[in-house]
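As numbered in the working numbering, residues -14 to 318 make up the sequence shown, in order. See below for the structure under consideration.
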Amino acid sequence: MTTIADVARYAGVSVATVSHVMNRTRHVEPETAERVRGAIAALRYSPNSLARSLRRGETKTIGLLVPDNANPFFASVARQIEDAGFVAGYTVILCNSDGSAEKEERYLQVLMAKQIDGLIFAGSSDHARVFSSLLPNVPAVLLDREIHSVNVDSVLVDHDHGGYLAGRHLVGLGHRKFGVIGGPRDSSSSPARLQGFVRALEEAGLDLPGSSVVDSDYHFVGGRVAMEQLMAQAPDITALFACNDLMAMGALTVLRGRGLRVPDEMSIVGFDDIPYAVTTWPPLTTIAQPVEKIGTLAVSLLMQRLGEPEAPSRREILAPALVERESCAPARK
């Protein structure tokens, strides 16, 4: 195997000079630098990038931990983070916790063992104990979740406002009987979305009975099961807010199976605006999360943190937006 010493001998220079040419750490005369590059090409020298990075105290890798990369929302965010990381010169290692605290903790330990330079963490829940233990060891950015007991950079979406937009839209269409399929209560996003939805109803003098809310798991099948339960508990609803698009799609299949027309007999609003939202029938009205901004901002904050470890933490909150399609219609009189 060719070594840097072989390159130095071939070019007739010192090992230090070869290193300076490769790493651009000091000025080298153009003629000498060209001779070194010629030696590298002739000997087909490929440096051990891992060893070189470790000597510098960096590996140029970012760990990314998400609850469910099968969820199109997290898949889209992961792609944005990968693209932004690549531009910044970093490789992203993706881990999926499946919503399991045990798996989450194990993956975090694996990422630490790989000596990642930084971590972008979308926890399956508010596992403050696990996350807090990592903060002294690696710069990190929280993504789409909050852990109130730690002081750390975070990129969040205003889920409360997103739920409010959904409620205001359905109220504006004249609906008075609502159902909600919520996500996991131990996440920070679903309760906030429900809270915003209820606030929109209260502003219109309307309420949301407990029997009209069924919690689920952010999955398609969970949406189906929750919709069946909701129809049994609140059969008179005319409008549905599902706290993510996958559950809204599951609910759509139940309604179709029961012969109920959407939006003529039931209006539906989802949340996330995943790519599949435009392929449902009818296309799904939803609350869009700014996926591109989430991913690029998370990487940007992490790069700033790597450059300024002692800088004050930043908490960036992004605004969602209502995307109107064809799954909502005015309530029947």
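Don't be surprised by glycine CBs; every beta carbon is placed ideally from N, CA and C.
The beta carbon of Asp221 lies closer than 6 angstroms to those of Lys162 in the same chain, with the five residues before and after it left out. Burial is judged here by how many other beta carbons sit within 10 angstroms of a residue's own beta carbon; Gly157 has fewer than 16 and is exposed. Where Asp257 is concerned, the enclosing beta strand (DSSP E) starts and stops at 252 to 257. If you compare the alpha carbons of Arg241, Leu287, Thr281, Ala296 with that of Ser312, the shortest gap goes to Arg241.
For Ile25, the enclosing alpha helix (DSSP H) stretches over residues 15 to 28. When beta bridges are read from the DSSP output, Thr(-12) appears opposite no residue.
Positions of the alpha helix (DSSP H) runs, each at least 4 residues long and wholly inside the region 222 to 252, are given as 230 to 242 in order along the chain. The Cβ-Cβ distance between Tyr92 and Leu50 falls below 7 angstroms. In this structure, the straight-line span from the alpha carbon of Val123 to that of Leu291 is close to 9 angstroms. Gly168 is a Cβ neighbour of Cys228, given a cutoff of 7 angstroms.
The residue among Ala(-7), Val199, Pro52 with its C-alpha nearest the C-alpha of Gly23 is Ala(-7). Ser298 and Val95 do not touch by the CB rule: their CB atoms are close to 25 angstroms apart, not below 8 angstroms. Beta-bridge annotation (DSSP): Ser139 is paired with Leu127, Arg300.
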